[in-house]
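Participant:
Number of protein chains: 2
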Amino acid sequence: LQYGLYSSFMGCFIYCLLGTAKDVTLGPTAIMSLLVSSYAFHDPAYAVLLTFLSGCIQLIMGLLHLGFLLDFISYPVIRGFTSAAAVTIGFNQVKALLGLQNIPRQFFLQVYYTFSRIGETRVGDAILGLICLIVLTGLQQMKNHIPRVFRMEKLSVRISQLIVWATATARNALVVLFAGLVAYSFQVRGSQPFTLTGTIPQGLPPFQPPPFSKVTPNETVYFGEMVQAMGAGLAVVPLMGLLETVAIAKAFASQNNYQIDPDQELLAMGFTNLFGSFVSSYPVTGSFGRTAVNAQTGVRSPAGGLITGALVLLSLAFLTSLFYYIPKAALAAVIICAVAPMFDARIFRTLWQVKRLDLVPLCVTFLLCFWEMQYGIVAGVLVSAILLLYPIARPQIKVSEHETILLQPSSGLCFPAIEFLCDTVHKQALSVSPLRTVILDCTHVSNIDYTVVMGLSELLQQLRCRRISLIFINVQAHVLQVLLAADLGRFCNVSSLEDAGKSCEEEARTANEALFDGSDSILPTSGIIQ
Amino acid sequence: LQYGLYSSFMGCFIYCLLGTAKDVTLGPTAIMSLLVSSYAFHDPAYAVLLTFLSGCIQLIMGLLHLGFLLDFISYPVIRGFTSAAAVTIGFNQVKALLGLQNIPRQFFLQVYYTFSRIGETRVGDAILGLICLIVLTGLQQMKNHIPRVFRMEKLSVRISQLIVWATATARNALVVLFAGLVAYSFQVRGSQPFTLTGTIPQGLPPFQPPPFSKVTPNETVYFGEMVQAMGAGLAVVPLMGLLETVAIAKAFASQNNYQIDPDQELLAMGFTNLFGSFVSSYPVTGSFGRTAVNAQTGVRSPAGGLITGALVLLSLAFLTSLFYYIPKAALAAVIICAVAPMFDARIFRTLWQVKRLDLVPLCVTFLLCFWEMQYGIVAGVLVSAILLLYPIARPQIKVSEHETILLQPSSGLCFPAIEFLCDTVHKQALSVSPLRTVILDCTHVSNIDYTVVMGLSELLQQLRCRRISLIFINVQAHVLQVLLAADLGRFCNVSSLEDAGKSCEEEARTANEALFDGSDSILPTSGIIQ
């Protein structure tokens, strides 16, 4: 418990200085806690060292301007993630709203156990929770419908409107305060119908460098071994932290109409983790629930983090005893009201109307996020990437058949396309009889890589065994340079279709001569031809 | 130990029927064993169920023809992987060649401990290992230089050449047999200078369905909970299995000049795992070492698997006692000779000459494979994908400035490019004064997605706040359809540059009128403009 609190304040201060989204709150999250627990072996020393190293890696990524990688998180992925997060985080609070105990964390099990054990609902928690929900929704609606104040109104009208506005804006704090007072008054009278937050250990964390080695009475674990043990965690934790932060920042930036700078976000997270590791923090990331509460409360700039951070520090030092009386049901109501507007059902209809293909990454992200948030985001990004890469892997190849077979790829040739190109050539050139010369028109091929060169080389060899010529026309200068550097053997390049005809005759003659020479370099062998 | 053997034969039989690469051998591998151990909690029940489910997933992938995903493994990635695998697997055998005990598995630690403890070398093992290495290399060379036999040669010459050829071809089996006999003769005399393979438990595995639930005296773990517990393993194990098999198959296919069909490979692996789970197998994949031994031994078709599989079954049933005498050093020599030719140092020079950019995925894969094979392949694929995606994310945008600013993206607009496009427009349109109309020439934009539509919508809104017009020209029909479906508000599309001029004047007039109307939909607010 205390490590969660130690991780909560550094992000507020540093994000205030370096962050680019007004709503985002850095801190410990459920996803990151689970990730860290699987790489840190439930040992604080590993977790704090992981924080330090993740911070360093994020700083390096920020300095290298690797933030552009986040352009690859598309809008449907973000919408899918936020809608699923709103559902899971909201539902996660239902158990607190109803006062249910010992419900598992995983979403599907949670839904099952919450409904199957709904009979165990604590009446006090449920009533308080519902009242808080109604009050919060009412105040929210009121705030949305406050009529515009004009200067000519009477002072009394303006003051009453100011009071309504202030109440509606501070509704989250007021509801929690009110619920705490109710719980306290019940406690004084000797009965307690609510589930309370309970005791939180008091005291600030020590300020010390992260543990670069671990000394126990029995043995010393050195830095190298600790790093070795954490393994993939050193890649997964910084990347997932970044992904989560930026997914959240992008979602709120698009909702509240501002822009974020991923490189700057990386620096903010990097410094937070770096300095956090000196106060025993574990790796932090953008927190969806807290960011939503922040946005709904009406935060205007990252400087809000100063107050949040100061409050966490104050709480750790002095106030934990006061938090004892806050009913969990009231906190649950605040969180549910904050995340509810993030659920966006219209996006499904909009995408159906505008661009149906984008429903695929949306649905993949949305559904998989219920399993695990990080799988949902990663799968969504992968599906989007596949949709981007598909045209590269399967370029349009225009085939014209005359005396020769003319193939014209409509765009560049990159490595995922080479198998497809070779298959097309095989199909076109070998399936028909008589065998005809194949001409590859490279007009639109502006780039070529080594895999393509190797594929073309194999293709040339296979066709030559069948005594079919493959002639390249209109090869661009820098593509030709690559093809020549690779030394493709009898590579034949001409600049126009007419020259191709002549060249093809020559090629055939040379091949015939070579055949009668008995040279085995071009003899067909069954192993080569598929 | 016995589960490793139980996993070794099913792949041989099924791959013989369904495989498309002559050399590949399916079976338990070091990488897969480690992966399985981390998802199966060292419990055979989980491992066998994971085999069954991985098989099902691979079959489904094969039936859905998802094998095309493997086109994204480029040649440099495969070369990097095979070269690193040759080094690590080869070096992994050095400890057996020298008779060193208790060397850790991880490559870097292995190198360190092998050299620091080289003084503990067992003389017998080292001498036997070196002799085997020399004999194997000699026979290999001999096989490569056997002169061609012509029909007119004398019978004695032809017979002697046949003997040399047979010896050279069967060299691996002969060396192991010879070393086993030497070890046996030492054992009979009462001394043993070699480290032997030792006792292997005898007997065939039971034929039974995989455990769909786990019953222990204390509790019953149901199917759902087992699946839940394995979590990401259900995605990682089938994918890594596929990746490893196809990486190996592609490497040997390119070396031995044949082609593979990834979908068929998926079916082969799927059926192997599916049926394997009935004989207590754990998930299998292509084995680099065994495949290399297969290829070097001169296997001609996947039917070789029938013999391998039958030998494993025979061994399990009867022969394990005979294998007791095989010296580990002789096996190590066979494996080292098999993997050595897979190390390809020339590829670095070739890529430097032909296509330097391809050195990046090569080096990333090569270096990270020394850490963990699967990280190397995944990182290499990711780096290749980034190199493919970079031109999509940063398309060339031609900017011409006259009375208006004309922006011409040279290729399609996909979601990773939208931030870049917006930044370009902001830079071009807002940094200069007086503010001028922006014209976006969509001639080359053949496709558009919802993220781009949202980005353009925000851009339109931001520019309108600054009273700058954004006019689209030459929008292709289906792109226009998407833009209109998204209902962009005042979206202005004209078909030529001349019309754009007129339209721009109109737009400005309407905007001015709207401004004086006092309508706040287009009033600039500081929150909207960046």
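Chains V and S are the protein sequences, given in the same order. Sequential numbering from 1 applies to the first sequence in this note's numbering. Sequential numbering from 531 applies to the second sequence in this note's numbering. Just so it is clear, CB atoms sit at the ideal spot from N, CA and C, and this is done for glycine as well. Keep in mind it's a predicted model, so treat the numbers as computed, not measured.
1. Near residue 810 of chain S, what residues of its chain come up, given a Cβ to Cβ distance below 6 angstroms and the 5 sequence neighbours on each side ignored?
2. Using only the alpha-carbon positions, how far apart do residue 224 of chain V and residue 264 of chain V sit?
3. Can you find a CB in chain S that lies within less than 8 angstroms of the CB of residue 393 of chain V?
4. Give, in chain order, every residue of the stretch 69 to 87 of chain V whose Cβ lies closer than 7 angstroms to some Cβ of chain S.
5. So the beta strand (DSSP E) residue 1006 of chain S belongs to, where does it begin and stop?
6. So, is the C-beta of residue 543 of chain V closer than 8 angstroms to a C-beta in chain S?
7. Kindly provide the ranges of any alpha helix (DSSP H) runs that are 4 or more residues long and lie completely inside the stretch 91 to 137 of chain V, ordered along the chain.
8. Would you call the CB atoms of residue 792 of chain S and residue 663 of chain S closer than 8 angstroms?
9. Of all the CB atoms in chain S, is at least one closer than 8 angstroms to the CB of residue 298 of chain V?
10. Give the interface partners of residue 419 of chain V over in chain S, defined as CB-CB distance under 8 angstroms, in chain order.
11. Could you name the residues of the same chain whose beta carbon sits closer than 8 angstroms to that of residue 1023 of chain S, not counting the 5 residues immediately before and after it, in chain order?
12. What residues in the stretch 398 to 429 of chain V bring their beta carbon closer than 7 angstroms to a beta carbon of chain S?
13. What did DSSP end up calling residue 403 of chain V once you bin it into helix, strand or coil?
14. For the alpha helix (DSSP H) holding residue 767 of chain S, just list the boundary residues, first then last.
15. DSSP has residue 487 of chain V in a bridge; who is on the other side?
16. Tell whether a beta-carbon distance below 8 angstroms holds between residue 730 of chain S and residue 853 of chain S.
17. If I measure Cβ to Cβ from residue 317 of chain V and keep anything under 8 angstroms in the same chain, skipping five residues before and after, which residues do I get?
18. Under 8 angstroms: do the stretch 353 to 366 of chain V and the stretch 80 to 88 of chain V share three or more Cβ pairs, one atom per stretch?
19. Any idea if residue 715 of chain S is buried or exposed, counting beta-carbon neighbours within 10 angstroms, 16 or more meaning buried?
20. From residue 698 of chain S to residue 670 of chain S, what distance separates their C-alpha atoms?
21. Cα-Cα, which of S/627, S/903 and S/638 is closest to residue 656 of chain S?
22. Any contact of the stretch 702 to 718 of chain S with the stretch 850 to 864 of chain S, i.e. 3+ C-beta pairs under 8 angstroms?
23. What are the uninterrupted segments assigned as beta strand (DSSP E) that are 3 or more residues long and contained completely in the stretch 965 to 993 of chain S, given in chain order?
24. Just reading off the beta strand (DSSP E) that residue 493 of chain V is part of, what are its end residues?
25. List, in chain order, every chain V residue whose beta-carbon is nearer than 7 angstroms to that of residue 1015 of chain S.
26. Jot down the residue ranges of each uninterrupted alpha helix (DSSP H) in the stretch 187 to 237 of chain V, minimum 4 residues, whole runs only, in chain order.
27. Would you call residue 683 of chain S buried or exposed, if buried means 16 or more other Cβ atoms sit within 10 Å of its Cβ?
28. I'd like to know whether the C-beta atoms of residue 946 of chain S and residue 72 of chain V end up nearer to each other than 8 angstroms.
29. Note down, in chain order, every chain V residue with its Cβ under 8 angstroms from the Cβ of residue 1012 of chain S.
30. Taking any Cβ of chain S, which residues in the stretch 224 to 254 of chain V have a Cβ under 9 angstroms from it, in chain order?
31. Enumerate in chain order the residues of its own chain whose CB-to-CB distance from residue 829 of chain S is below 7 angstroms, with the five nearest sequence positions on each side excluded.
32. Terminal residues of the continuous alpha helix (DSSP H) containing residue 532 of chain V?
33. Pick helix, strand or coil for residue 44 of chain V, following the three-state DSSP scheme.
34. Who are the neighbours of residue 915 of chain S on chain V, taking C-beta pairs under 8 angstroms?
35. Using Cβ-Cβ distances below 7 angstroms, what residues of the stretch 974 to 1004 of chain S are close to chain V?
36. Taking only the alpha-carbon atoms, compute the straight-line gap between residue 739 of chain S and residue 807 of chain S and give it to the nearest angstrom.
Facilitator: Short version:
1. Closer than 6 angstroms at Cβ, skipping near neighbours: 536, 578 and 735.
2. When only Cα atoms are considered, residue 224 of chain V and residue 264 of chain V end up about 30 angstroms apart.
3. At a cut-off of 8 angstroms, the C-beta of residue 393 of chain V has a neighbouring C-beta in chain S.
4. Cβ contacts with chain S come from 71, 72, 74, 75 and 76.
5. Annotation: residue 1006 of chain S is outside any beta strand (DSSP E) and is labelled neither H nor E by DSSP.
6. As displayed, chain V neither begins before 1 nor continues past 530, which places residue 543 of chain V out of reach and without an answer.
7. Complete alpha helix (DSSP H) runs here, min 4: 107 to 116.
8. Not closer than 8 angstroms, so no.
9. Answer no: the Cβ-Cβ gap between residue 298 of chain V and chain S never drops below 8 angstroms.
10. Neighbours of residue 419 of chain V on chain S, chain order: 601.
11. Once the five neighbours on either side are set aside, the close Cβ partners of residue 1023 of chain S are 1001, 1002, 1003, 1005, 1010 and 1013.
12. Within the stretch 398 to 429 of chain V, the qualifying residues are 414, 415, 416 and 419.
13. Note: residue 403 of chain V maps to coil in three-state DSSP.
14. 763 to 786 is the span of the alpha helix (DSSP H), which, as asked, contains residue 767 of chain S.
15. Beta-bridge pairing links residue 487 of chain V to no other residue.
16. Residue 730 of chain S is a Cβ neighbour of residue 853 of chain S, given a cutoff of 8 angstroms.
17. Cβ neighbours of residue 317 of chain V beyond the five flanking positions: 202, 203 and 204.
18. With a cut-off of 8 angstroms on Cβ pairs, the stretch 353 to 366 of chain V is in contact with the stretch 80 to 88 of chain V, counting three or more such pairs.
19. Looking at its Cβ environment, which holds fewer than 16 other Cβ atoms inside 10 Å, residue 715 of chain S is exposed.
20. If I take the Cα positions, the gap works out to 6 angstroms.
21. Relative to residue 656 of chain S, the option among S/627, S/903 and S/638 whose CA is nearest is S/627.
22. When C-beta atoms of the stretch 702 to 718 of chain S are compared with those of the stretch 850 to 864 of chain S, three or more pairs fall below 8 angstroms, so the two segments count as touching.
23. Within the stretch 965 to 993 of chain S, the complete beta strand (DSSP E) runs of at least 3 residues are 968 to 971.
24. Here the beta strand (DSSP E) through residue 493 of chain V covers 492 to 494.
25. Contact of residue 1015 of chain S with chain V by beta-carbon distance below 7 angstroms involves 353 and 354.
26. Within the stretch 187 to 237 of chain V, complete alpha helix (DSSP H) segments of at least 4 residues are found at 223 to 230, given in chain order.
27. That one is exposed.
28. At the C-beta level, residue 946 of chain S and residue 72 of chain V come within 8 angstroms of one another.
29. Result: 354 and 355.
30. Listed in sequence order: 228, 231, 232, 235 and 254.
31. Close CB contacts of residue 829 of chain S within its chain, under the 7 angstroms cut and outside five residues either way in sequence, are with 552 and 553 (chain order).
32. This structure does not reach residue 532 of chain V, given that chain V is present from 1 up to 530, and the question cannot be answered.
33. Note: residue 44 of chain V maps to helix in three-state DSSP.
34. Those within 8 angstroms of residue 915 of chain S in chain V are 385 and 389.
35. For the stretch 974 to 1004 of chain S, which is checked against every Cβ of chain V, the residues closer than 7 angstroms are 979, 980, 981, 983 and 984.
36. Looking at the two C-alpha atoms, the distance is approximately 7 angstroms.
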